């Protein structure tokens, strides 16, 4: 697949020129992941054997590495299942540069797997499956059930396809009852689409300069019936 055209900002932060959007916070990428995606999903406190995270937008792999690190620190047995969807893979060299400022227990294994062209990568803490292609085409064919979702596509204003109501319906379909999601965005149309898909959505304080973000959980079938 074609790698995206990248512009490098100060501190080795990659910016996707097609979307005019950085892959992670210019202020502190790991702190953003910890606030938005881990804490937003109540992690690591919900981790248990067989826990499954799914993600829209693999990007640099920072979220996966942070999740693996949290899993190991929490002391869970086995590996964390992690499925990530990516239409524009960054490429091994650019990924290594983007992650060069931080060390993670699983980083070397992840980079080696990407360099080898693998889409299934096993590290000390992760069973990672990378699904390449347009998620609007790939996610409808999936049958897994995730316990938590990291919704981390580029800005909804610049990459609306990854936030389309039709796609978020499949996010809900691939979520366990009461499973969760978190996202850095608080865009109104995204909140409405997630609500229509079956999630309870909360707007909470965002990271850094972002005033708000959203998180929530999937309503069980009986709850959805009562709300109609």
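In our numbering, the protein residues as written are 325 to 552.
Where is the CB? At the ideal position from N, CA and C, for every residue including glycine.
It should be emphasised that the depicted structure is a prediction, and the values quoted were computed from it without experimental measurement.
> Roughly how many angstroms separate the alpha carbons of residue 472 and residue 485, rounded to a whole number?
Replying inline: 21 Å
> Is residue 378 closer than 9 Å to residue 409 when the C-beta atoms are compared?
Replying inline: yes
> What is the DSSP secondary structure of residue 365, reduced to helix, strand or coil?
Replying inline: In this structure, residue 365 counts as helix in the three-state DSSP scheme.
> With 16 other CB atoms within 10 Å as the buried threshold, where does residue 430 fall?
Replying inline: buried
> residue 451 by DSSP, collapsed to three states: which one?
Replying inline: strand
>> On the criterion of 16 or more Cβ atoms from any shown chain inside 10 Å, does residue 356 qualify as buried, or is it exposed?
In response: buried
> Does DSSP put residue 404 in a helix, in a strand, or in coil?
Replying inline: strand
> What residue does the alpha helix (DSSP H) around residue 516 start on, and which one ends it?
Replying inline: Segment 512 to 521, the alpha helix (DSSP H) holding residue 516.
> Which word fits residue 425, buried or exposed, when buried means at least 16 other C-beta atoms lie within 10 angstroms of its C-beta?
Replying inline: exposed
>> With the cut-off set at 9 Å, would you say residue 383 and residue 339 are in Cβ contact?
In response: For residue 383 and residue 339, no; Cβs fall outside 9 Å.
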